Amino acid sequence: MTPAPSSGQLPSGLGPFAYSLTLPAAPPSAGVARAAIRTTLDAHGLTSLLFPAVLLVSELVVAATHFTPSPDIYVSLRYREEACAADVDPPGPGTLRLIAYDGHPPHTSPHLGALCDARRRTALRVLAAVVEACHGTWGFGASPEPGGGTRTWATISNSGPAATW
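Its first residue numbered 1, the sequence shown is counted upward by one per residue in full-length UniProt numbering.
The structure is reproduced here in structure tokens:
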């Protein structure tokens with residue numbers, strides 16, 4: 001077994017990746033998601049993103065399990081290298097995108113929708129602080145897939161503040 005490089009770059013030949021999990025909408029799912037992201041990032045040599053990514057996936061899963069009326073939630077993890085010349089080795093920095101889908105449908109009443117959005121923003125205040133510290137992005141909104149509901153996402157880059165945690 002070859003040790004993962006400490007540079008935060010993907011080991012040669014692994015390239016971009018995407019993983020997804022369907023988890024029960026229950027508190028223990030946050031621990032499962034944390035373990036899965038640790039294993040995935042370690043396997044791809046992205047250990048520089050471990051701390052912020054584990055915090056983010058935990059916050060996403062806890063919020064999804066809190067808001068969903070469904071028995072399951074869906075979590076997605078994707079890493080893409082940023083555009084760079086094909087002959088550059090090692091590849092340029094990349095972006096990690098974490099998404100949680102829950103079954104919470106949009107409200108038909110604008111007033112109830114605004115109240116629910118405010119509750120969700122409050123529930124995600126730790127996620128927002130981590131994303132801001134990492135100069136990333138986050139948001140939530142209606143999801144057409146898988147099965148409708150709400151999609152909450154966060155992105156961080158392996159260059160910049162996220163890589164120095």
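Glycine is no exception: its CB is placed at the ideal position from the N, C-alpha and C atoms. The structure displayed is predicted, hence computed values, not measured ones.
Taking F17 as reference, the option from G94, P28 and A123 with the minimal CA-CA separation is G94. L46 carries a coil assignment under DSSP once its states are collapsed to helix, strand and coil. For P110, the enclosing alpha helix (DSSP H) stretches over residues P110 to A123. Residue range T150 to S157 is occupied by the beta strand (DSSP E) that includes S157.
The DSSP-derived three-state label of A36 is helix. If you draw a 10 Å sphere on the C-beta of D42, you find fewer than 16 other C-beta atoms in it, and that means exposed. Take D72, set aside five residues on each side of it, and the residues of its chain with a beta-carbon closer than 7 Å to its own are T22, L23, P24 and A25, in chain order.
Sequence-distant Cβ neighbours of C134 in its own chain, meaning closer than 6 Å and more than five residues away, are P52, I156, P161 and A162. When the Cα atoms are used, E132 and R125 turn out to be separated by approximately 10 Å. The three-state reading of DSSP puts P106 in coil, since its state is none of H, G, I, E or B. The residue among P144, G139 and P105 with its C-alpha nearest the C-alpha of E59 is G139.
I99 has its alpha-carbon roughly 8 Å from the corresponding atom of Y74. Only buried fits S48, as 16 or more other CB atoms lie within 10 angstroms of its CB. Taking a 10 Å sphere around the C-beta of H104, we find 16 or more other C-beta atoms and assign the residue as buried. When C-alpha distances from G141 are compared across G113, Y79, R80 and T122, the shortest belongs to G113.
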